[in-house]
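Engineer: The first sequence begins at 3 in the numbering used here and counts up by one.
For glycine and all other residues, C-beta sits at the position ideal for the given N, C-alpha and C.
Since the structure is predicted, the reported quantities are computational estimates derived from the model, not experimental observations.
Below is a structure I'd like to ask you about.
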Amino acid sequence: MNQIDDDQMVLISQYYPGGIYDQLLPEQVEAKPRRRRKKNKGDAGSSEVMRKRKLSEQQMNQLEQSFEDEHKLESERKDRLASELGLDPRQVAVWFQNRRARWKSKKIEEEYSKLKTQHETTVVEKCRLENEVLKLKEQLCEAEKDIQKLTERFERFSSNSPSSSFSMEAMEPPFLGEFGMEGLENVFYVPENNYIHGLDWVNLYG
DNA sequence: ATCAAACTCTAATTACATCA
DNA sequence: GTGATGTAATTAGAGTTTGA
């Protein structure tokens, strides 16, 4: 299945003449043993092989430019680039493979940073909303206490004057102000021109 | 339709160069 | 000298195309 092996054998044998790959029997090749490169200590720093390893600035620039144009590398472009740069087409292919890997890795890092920032913003917002909920609960609790006081007061008032009528107009503003109800207009919303008589208003939020 | 060869790719890894 | 880092090259495995 791995048909590139033969090509790679040729390529490898170019880099490592007389090395382990020349000694492999056909059966060993077919068995696809995990091959390990020999360390290239003997040649380090002196041979043509080493000079080939590092691409020149001009080669790099052209490869980068080509990569910017298109991340995929078709056969034609690979061969053209290789001949323009004096490289083996295989080297060009390898360069693009590695470049794509670096690009992907960078994109993943960028995406991670973005998500991290979003997460931090969301946590702050969650905290703010939780505080708001707490404040609103406190307000609600206070309002319920006030309603309770008003109900009790109203009941005492009714029992003392069974025949008298009762209206909000008669109580405001001194009546509500007396119980610290300022600023609760939005909590106890009463539509305009909607007069509530008798006990109905007391049960509205019960 | 099937199969193998020849190619591509990615992901992981290794080997080497360079620099602090 | 050494560890960290960047990158060229290798490897395995999977997918696609092509021709017999």
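Does the Cβ-Cβ distance between Glu86 and Gln64 come in under 8 angstroms?
Structural biologist: Reading the first sequence from its first residue, position 84 is the one you call residue 86. Reading the first sequence from its first residue, position 62 is the one you call residue 64. Yes. Within cutoff.
Engineer: In this structure, does DSSP put Leu142 in helix, strand or coil?
Structural biologist: Your numbering for residue 142 matches position 140 in the first sequence. DSSP places Leu142 in helix when its eight states are reduced to three.
Engineer: Is the beta carbon of Phe69 closer than 8 angstroms to that of Arg92?
Structural biologist: Your numbering for residue 92 matches position 90 in the first sequence. Your numbering for residue 69 matches position 67 in the first sequence. Cβ atoms of Arg92 and Phe69: not closer than 8 angstroms.
Engineer: When DSSP labels each residue in this structure, what does His121 get in the three-state scheme?
Structural biologist: As a working mapping, residue 121 is identified with position 119 in the first sequence. DSSP places His121 in helix when its eight states are reduced to three.
Engineer: DSSP three-state call for Asp148: helix, strand or coil?
Structural biologist: Counting from 1 along the first sequence, the entry for residue 148 is found at position 146. Correct three-state label for Asp148: helix.
Engineer: Classify Leu131 as helix, strand or coil using the three-state DSSP reduction.
Structural biologist: The residue labelled residue 131 in the question sits at position 129 within the first sequence. Correct three-state label for Leu131: helix.
Engineer: Alpha carbons only, please: which of Phe98, Glu144, Thr124 is nearest the one belonging to His73?
Structural biologist: Stepping through the first sequence from its first residue, residue 73 is reached at position 71. When only C-alpha atoms are compared, the closest one is Phe98.
Engineer: In the DSSP assignment, find the unbroken alpha helix (DSSP H) run with Lys80 in it and report its ends.
Structural biologist: Residue numbering aside, residue 80 sits at position 78 when the first sequence is read from its first letter. Taken as a continuous stretch (DSSP letters only), the alpha helix (DSSP H) holding Lys80 covers 77-87.
Engineer: From the DSSP output, in three-state form, read off Lys109 for me.
Structural biologist: Numbered from its first residue, the first sequence carries residue 109 at position 107. Three-state DSSP puts Lys109 in a helix.
Engineer: So, Lys80 versus Val94, is the Cβ gap smaller than 8 angstroms?
Structural biologist: Taking the first sequence and counting its residues from 1, the one referred to as residue 80 is at position 78. Taking the first sequence and counting its residues from 1, the one referred to as residue 94 is at position 92. Cβ distance < 8 angstroms, so Lys80 and Val94 count as in contact.
Engineer: Counting C-beta neighbours from all protein chains within 10 Å, is the total for Leu75 16 or more, i.e. buried, or is it exposed?
Structural biologist: The residue you call residue 75 lines up with position 73 of the first sequence. Burial call: buried.
Engineer: Quick one: grab the DSSP three-state call for Leu136.
Structural biologist: Along the first sequence, one-based indexing puts residue 136 at 134. Note: Leu136 maps to helix in three-state DSSP.
Engineer: I need the straight-line Cα distance from Asp148 to Leu131, nearest angstrom please.
Structural biologist: As a position in the first sequence, residue 148 is number 146, starting the count at 1. As a position in the first sequence, residue 131 is number 129, starting the count at 1. When rounded, the distance between both Cα atoms is 26 angstroms.
Engineer: For Glu154, which residues from the same chain have a beta carbon less than 7 angstroms from its beta carbon, with the 5 sequence-adjacent residues on both sides left out?
Structural biologist: For the purposes of this step, residue 154 is identified with residue 152 of the first sequence, where counting begins at 1. Nothing listed; no residue qualifies.
Engineer: Taking the Cβ atom as the reference point for each residue, do Leu89 and Gln61 lie within a distance shorter than 8 angstroms?
Structural biologist: The count along the first sequence starts at 1 and reaches residue 89 at position 87. The count along the first sequence starts at 1 and reaches residue 61 at position 59. Against a cut-off of 8 angstroms, the Cβ pair of Gln61 and Leu89 comes out as a contact.
Engineer: Mind checking which residues open and close the alpha helix (DSSP H) that includes Glu70?
Structural biologist: Here residue 70 refers to the residue found at position 68 when the first sequence is read from its first residue. Unbroken alpha helix (DSSP H) run through Glu70: 59-71.
Engineer: In angstroms, rounded to a whole number, what distance separates the CA positions of Cys143 and Cys129?
Structural biologist: Here residue 143 is taken as the residue at index 141 of the first sequence, counted from 1. Here residue 129 is taken as the residue at index 127 of the first sequence, counted from 1. If you take the alpha carbons of Cys143 and Cys129, they lie about 21 angstroms apart.
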